[in-house]
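Using full-length UniProt numbering, the letters of the sequence shown correspond one by one to residues 1 to 603. Even for Gly, the Cβ is constructed at its ideal location relative to N, Cα and C. Since this is a predicted model, take the numbers as computed values, not measurements. A short write-up of the structure that comes next.
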Amino acid sequence: MPSLRLALAQVDTTVGDLDGNAALVRRAAAEAAAAGADLLVLPELALTGYPVEDLALRRSFVDASRAAVGRLAEDLAADGLGDLPVLVGYVDRASGPVAEGVSAAGRGQREGGGEESAGSESGATGVPKGLPQNCAALLHGGRQVGRYAKHHLPNYGVFDEFRIFVPGRDLLVARVRGVDVAVAVCEDLWQEGGPVAAAREADAELLVVLNASPFERAKDDTRLALCRRRAHEAEAVLAYVNSVGGQDDLVFDGGSVVVAPDGEVLARGEAFAEQLLVVDLDLPEGDPSPPDVERVQRVVVSQEPAPAREPVPAPLAEPLEDMAELWAALVLGLGDYVRKNGFRQVLLGLSGGIDSAVCAALAVDALGAEGVVGISMPSAYSTEHSRSDADDLAERLGIDYRVHPVAPMVEAFLANVPMSGVAEENLQARVRGTLLMGVSNSEGQLVLTTSNKSELSVGYSTIYGDSVGGYAPLKDVAKTDVWRLARWRDADARARGEREPIPEASITKAPSAELRPDQTDQDSLPEYDVLDALLEDYVVRAMGRSELLEAGHALEDVEKVVGLVDRAEWKRRQGAPGPKTTAVAFGRDRRLPITTHWREEDE
Ligand SMILES: Nc1ncnc2c1ncn2[C@@H]1O[C@H](COP(=O)(O)OP(=O)(O)OC[C@H]2O[C@@H]([n+]3cccc(C(=O)O)c3)[C@H](O)[C@@H]2O)[C@@H](O)[C@H]1O
Ligand SMILES: Nc1ncnc2c1ncn2[C@@H]1O[C@H](COP(=O)(O)OP(=O)(O)OP(=O)(O)O)[C@@H](O)[C@H]1O
Ligand SMILES: NC(=O)CC[C@H](N)C(=O)O
């Protein structure tokens with residue numbers, strides 16, 4: 001049986017950084033070649049970064065991506081790596097010029113295939129030629145020798161690929177070291193039929209899948225089950241390589257896997273870390289006269305078997321448990337957002353409460369203590385412990401810590417612009433927001449918004465007050481999970497013999513906005529465990545009023561919370577981005593009108 005040494009590169013790319021991403025590919029190729037690999041596979045759209053969104057609709061961007069892939073092939077050869085076949089994702093177009101006035105976004109009806117319409121004048125097969133495609137390039141010997149365009153374009157949840165790409169219909173099968181290797185891209189695996197079935201018909205022994213699959217809690221289990229099922233269906237070993245890193249609202253969690261047709265996990269990559277996985281696979285030799293399957297492009301890279309060599313041990317990373325996984329996702333999302341947007345420091349208000357404590361601890365894990373500035377901003381209603389708990393947190397974390405009482409500024413404002421009630425209460429939060437924006441603007445930090453998903457759901461924050469900021473680490477984390485995270489992080493520190501970063505008092509105290517004397521969150525909201533269970537059903541599961549009641553939620557809570565969630569849509573629309581961690585995060589996963597007269601009434 002020929003052996004194929006496969007290298008999968010989990011890399012942290014940056015959208016739009018074609019040169020930087022190409023440099024990552026070259027580095028991975030050098031490492032793979034040094035490890036004796038016969039084939040290197042990188043994630044979906046590794047050369048452009050993922051998701052490219054409407055950049056795909058810019059002619060200049062697609063041209064640059066096409067040019068970059070050609071240059072990459074030449075550079076790999078110039079690096080002495082031309083013998084190593086490399087599969088890398090990039091944006092291409094169905095050949096031919098884009099018809100005047102036609103874009104993928106505005107092309108109206110779209111059906112049928114992609115690249116095979118090349119040469120036809122107007123896309124008589126259904127797709128106007130020249131439209132962008134989500135592709136994988138096979139590079140070898142200093143040039144591109146194969147090309148595969150993604151068949152299934154995800155168009156749900158956070159994905160909008162129907163808007164920006166046209167699908168492919170061909171399959172690419174490359175013979176490498178005598179082994180037939182079929183190619184698929186991410187969503188191709190999640191849909192029935194298509195490349196998986198074609199790979200079996202084409203008698204491929206290995207199916208490699210290039211992915212940019214965003215993190216959700218426990219999604220690694222779903223992916224593994226899917227890979228096992230598809231490997232079985234394809235009757236081939238399946239190698240799944242995933243991106244890693246943060247990109248706006250998304251975090252890619254790596255965790256690449258190689259699975260045998262019987263479901264055995266042959267290799268597993270680290271979660272949330274860059275890694276080159278090198279795996280030796282014993283695979284049957286490709287048929288000397290393989291079946292002639294319609295729409296299968298066969299490319300022979302190398303027929304001769306690999307030389308005899310010592311096998312390498314396959315990496316088999318342990319999957320992370322729920323809170324460890326969530327913490328790592330938030331750290332990576334925050335760190336990459338900050339770094340990739342050119343910041344070195346973040347700034348946040350420290351109230352002594354749990355949300356700001358967890359945000360600060362995440363930021364220190366992501367950027368180091370030197371990357372974090374915390375400001376305590378006591379007002380007339382702040383308790384003594386809000387200040388002392390913030391002091392304690394800052395001391396534990398070793399961050400730059402300052403105190404700016406806001407009472408004089410609030411008083412000066414009220415003396416000039418009198419107001420009362422909630423408006424007066426909210427003014428304290430607005431003065432804090434202005435202070436944070438003022439300091440960050442003069443010192444160059446990025447402000448972190450500490451709001452969690454529960455508060456964002458019900459609009460429990462002051463707009464342009466405590467909701468100011470550029471990035472919201474807890475945007476998709478419910479309040480009850482914020483407490484869980486804090487406890488997990490402290491326990492993890494203890495287990496490693498380190499001091500707990502989060503003061504116990506911040507975990508155990510009753511949550512309060514401290515905008516008036518003795519205020520607690522539960523003056524306005526149900527207990528958080530009750531609220532979060534209801535929000536899970538209403539926001540994530542999209543249950544209607546009667547379903548919520550059938551599910552056992554109290555009538556009073558349903559009426560109150562549903563109204564609050566619906567009325568807060570306008571606040572969320574203005575909110576900062578933050579990492580998706582659940583099946584339905586606010587933002588693209590849940591698109592609702594602000595102006596609507598629809599109400600969840602009793603039927
Ligand atoms: N549909 C819509 N489109 C555009 N603007 C809309 C709007 N509906 C109201 N508005 C505007 O909204 C403004 C009122 O909103 P906003 O100023 O936010 O104030 P509001 O939502 O009335 O009050 C904020 C609530 O959040 C609580 N809070 C504040 C701070 C921190 C925390 C915490 O624990 O974390 C909790 C606070 O106790 C209070 O219950 C008005 O000026 C109104 O013009
Ligand atoms: N006294 C304060 N000093 C500094 N920042 C504050 C202060 N009070 C509120 N903030 C900022 O506003 C955010 C909202 O805090 P608030 O106390 O209103 O309720 P919260 O959502 O329970 O947050 P936390 O759990 O951090 O207290 C805080 O996370 C913090 O960033
Ligand atoms: N990039 C993609 O095609 C991702 C879609 C896929 N269902 C996933 O989340 O893994």
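Determine the closest residue to residue 594 out of 571, 275, 11, 508, with distance taken between C-alpha atoms.
-> Here residue 594 refers to the residue found at position 594 when the sequence shown is read from its first residue. Residue 594 has its Cα closest to that of 571, out of 571, 275, 11, 508.
Close-in-space but distant-in-sequence residues of the same chain around residue 151 (CB under 7 Å, 5 per side omitted) | As a first step, residue 151 must be located in the sequence shown, where it is residue number 151. Around residue 151: 167, 168, 169, 188, 194, 195.
Helix, strand or coil for residue 135, going by three-state DSSP, please let me know.
-> Here residue 135 is taken as the residue at index 135 of the sequence shown, counted from 1. Assigned with DSSP and collapsed to three states, residue 135 falls in strand.
Residue 463 versus residue 590 - alpha carbon distance = Numbered from its first residue, the sequence shown carries residue 463 at position 463. Numbered from its first residue, the sequence shown carries residue 590 at position 590. Rounded to the nearest angstrom, the two C-alpha atoms are 20 Å apart.
For the alpha helix (DSSP H) containing residue 523, list its first residue and its last residue.
-> Along the sequence shown, one-based indexing puts residue 523 at 523. Here residue 523 belongs to no alpha helix (DSSP H), and DSSP marks it neither H nor E.
With residue 237 and residue 256 assumed to form a contact (beta carbons below 8 Å), what rounded beta-carbon distance in angstroms separates them?
-> Locating residue 237 in the sequence shown gives position 237, where the first residue counts as 1. Locating residue 256 in the sequence shown gives position 256, where the first residue counts as 1. Their Cβ separation, rounded to whole angstroms, is 13 Å, which puts residue 237 and residue 256 out of contact at 8 Å.
Contact shell at 5 Å, judged by CB to any heavy atom of ligand 3, ordered along the chain = 154, 186, 187, 190, 212, 213
Mark residue 596 as exposed unless 16 or more other C-beta atoms lie within 10 angstroms of its C-beta, in which case mark it buried.
-> Numbered from its first residue, the sequence shown carries residue 596 at position 596. So residue 596 ends up on the exposed side.
Where the beta strand (DSSP E) through residue 87 begins and ends = Indexing the sequence shown from 1 puts residue 87 at position 87. Where residue 87 is concerned, the enclosing beta strand (DSSP E) stretches over 86-93.
Is residue 356 closer than 7 Å to residue 450 when the C-beta atoms are compared?
-> By 1-based counting over the sequence shown, the position of residue 450 is 450. By 1-based counting over the sequence shown, the position of residue 356 is 356. Yes; because the gap between Cβ atoms is below 7 Å, this pair is in contact.
Consult DSSP for residue 140 and reduce its assignment to one of helix, strand or coil.
-> The count along the sequence shown starts at 1 and reaches residue 140 at position 140. Residue 140 falls in the strand class under three-state DSSP.
Limits of the unbroken alpha helix (DSSP H) element including residue 441 | For the purposes of this step, residue 441 is taken as the residue at position 441 of the sequence shown. Taken as a continuous stretch (DSSP letters only), the alpha helix (DSSP H) holding residue 441 covers 421-443.
In angstroms, rounded to a whole number, what distance separates the CA positions of residue 510 and residue 520?
-> Here residue 510 is taken as the residue at index 510 of the sequence shown, counted from 1. Here residue 520 is taken as the residue at index 520 of the sequence shown, counted from 1. If I take the Cα positions, the gap works out to 7 Å.
If you pair each beta-carbon of the segment 302-317 with each one of the segment 426-440, do three or more pairs fall below 8 Å?
-> no
Spatial neighbours of residue 366 within its chain, please: CB distance less than 6 Å, with the 5 preceding and 5 following residues excluded, ordered by chain position.
-> Here residue 366 refers to the residue found at position 366 when the sequence shown is read from its first residue. The answer, listed in chain order, is 331, 334, 335.
Those residues which DSSP pairs with residue 214 across a bridge | Along the sequence shown, read from residue 1 onward, the residue named residue 214 stands at position 214. Beta-bridge pairing links residue 214 to 252.
Using DSSP with H/G/I as helix, E/B as strand and the rest coil, what is residue 300?
-> Here residue 300 corresponds to residue number 300 of the sequence shown, with the count starting at 1. In the structure shown, residue 300 sits in a strand (DSSP, three-state: E or B).
Please confirm whether residue 180 and residue 286 have their CB atoms less than 7 Å apart.
-> The residue given as residue 180 occupies position 180 in the sequence shown. The residue given as residue 286 occupies position 286 in the sequence shown. Cβ atoms of residue 180 and residue 286: closer than 7 Å.
Whole angstroms is fine: what's the gap from residue 81's alpha carbon to residue 8's?
-> Residue numbering aside, residue 81 sits at position 81 when the sequence shown is read from its first letter. Residue numbering aside, residue 8 sits at position 8 when the sequence shown is read from its first letter. Approximately 16 Å between the Cα atoms of the pair.
Residue 454 versus residue 387: straight-line alpha-carbon distance, rounded | Taking the sequence shown and counting its residues from 1, the one referred to as residue 454 is at position 454. Taking the sequence shown and counting its residues from 1, the one referred to as residue 387 is at position 387. Each residue's alpha carbon lies about 24 Å from the other.
Unbroken stretches of the alpha helix (DSSP H), 4 residues or longer, contained in the segment 553-586 = 555-567, 569-573
Go through its chain and collect everything with a Cβ distance to residue 553's Cβ below 6 Å, but skip five positions before and after it.
-> Start at 1 with the first residue of the sequence shown, and residue 553 comes out as number 553. Here the set comprises 534.
Are the CB atoms of residue 445 and residue 346 nearer to each other than 7 Å?
-> Translated into positions along the sequence shown, residue 445 becomes position 445. Translated into positions along the sequence shown, residue 346 becomes position 346. The answer is yes: Cβ separation under 7 Å.
How many angstroms separate the CA atom of residue 116 from the CA atom of residue 15?
-> Against the sequence shown, residue 116 aligns to sequence position 116. Against the sequence shown, residue 15 aligns to sequence position 15. Note that residue 116 scores a pLDDT of 40, beneath 50, so its modelled location is shaky and nothing firm can be said.
Tell me, please, whether the segment 484-495 touches the segment 404-419 by the rule of three or more beta-carbon pairs shorter than 8 Å.
-> no
Tell me, to the nearest whole angstrom, how far the beta carbon of residue 244 is from that of residue 280; I am working on the premise that it is less than 8 Å.
-> Counting from 1 along the sequence shown, the entry for residue 244 is found at position 244. Counting from 1 along the sequence shown, the entry for residue 280 is found at position 280. At roughly 23 Å, the Cβ-Cβ gap does not stay under 8 Å, so residue 244 and residue 280 are not in contact.
Helix, strand or coil for residue 242 per DSSP?
-> Here residue 242 corresponds to residue number 242 of the sequence shown, with the count starting at 1. Of the three classes helix, strand and coil, the one that applies to residue 242 here is strand, per DSSP.
CA-CA distance, residue 474 and residue 50?
-> Taking the first residue of the sequence shown as 1, we reach residue 474 at position 474. Taking the first residue of the sequence shown as 1, we reach residue 50 at position 50. Going by the C-alpha atoms only, they are around 22 Å apart.
Quick one: grab the DSSP three-state call for residue 164.
-> Here the question's residue 164 lines up with position 164 in the sequence shown. The answer is helix: DSSP assigns residue 164 an H, G or I state.
Determine the contact status of residue 459 and residue 564, defining contact as a CB-CB distance below 7 Å.
-> Counting from one through the sequence shown, the residue named residue 459 turns up at place 459. Counting from one through the sequence shown, the residue named residue 564 turns up at place 564. Yes, the pair counts as a contact, with Cβ atoms nearer than the cut-off.
Would you give the residue range spanned by the beta strand (DSSP E) that residue 599 belongs to?
-> Within the sequence shown, residue 599 is the residue found at index 599, counting from 1. Segment: none, residue 599 is in no beta strand (DSSP E) and carries neither H nor E.
Taking the Cβ atom as the reference point for each residue, do residue 133 and residue 165 lie within a distance shorter than 7 Å?
-> Mapped onto the sequence shown, residue 133 falls at position 133. Mapped onto the sequence shown, residue 165 falls at position 165. Taking 7 Å as the Cβ cut-off, residue 133 and residue 165 qualify as a contacting pair.
What first and last residue would you give for the alpha helix (DSSP H) that runs through residue 30?
-> Locating residue 30 in the sequence shown gives position 30, counting from the first residue. Note, residue 30: alpha helix (DSSP H), 18-34.
Cβ of residue 433 within 6 Å of any heavy atom in ligand 2?
-> One-based indexing of the sequence shown puts residue 433 at position 433. No, ligand 2 has no heavy atom inside 6 Å of this Cβ.
Any heavy atom of ligand 1 within a distance shorter than 6 Å of the CB on residue 483?
-> Here residue 483 is taken as the residue at index 483 of the sequence shown, counted from 1. No, the beta carbon of residue 483 sits no closer than 6 Å to any heavy atom of ligand 1.
Where does the unbroken beta strand (DSSP E) through residue 59 begin, and where does it stop?
-> As a first step, residue 59 must be located in the sequence shown, where it is residue number 59. Annotation for residue 59: no beta strand (DSSP E) segment contains it, though the alpha helix (DSSP H) segment containing it runs 59-78.
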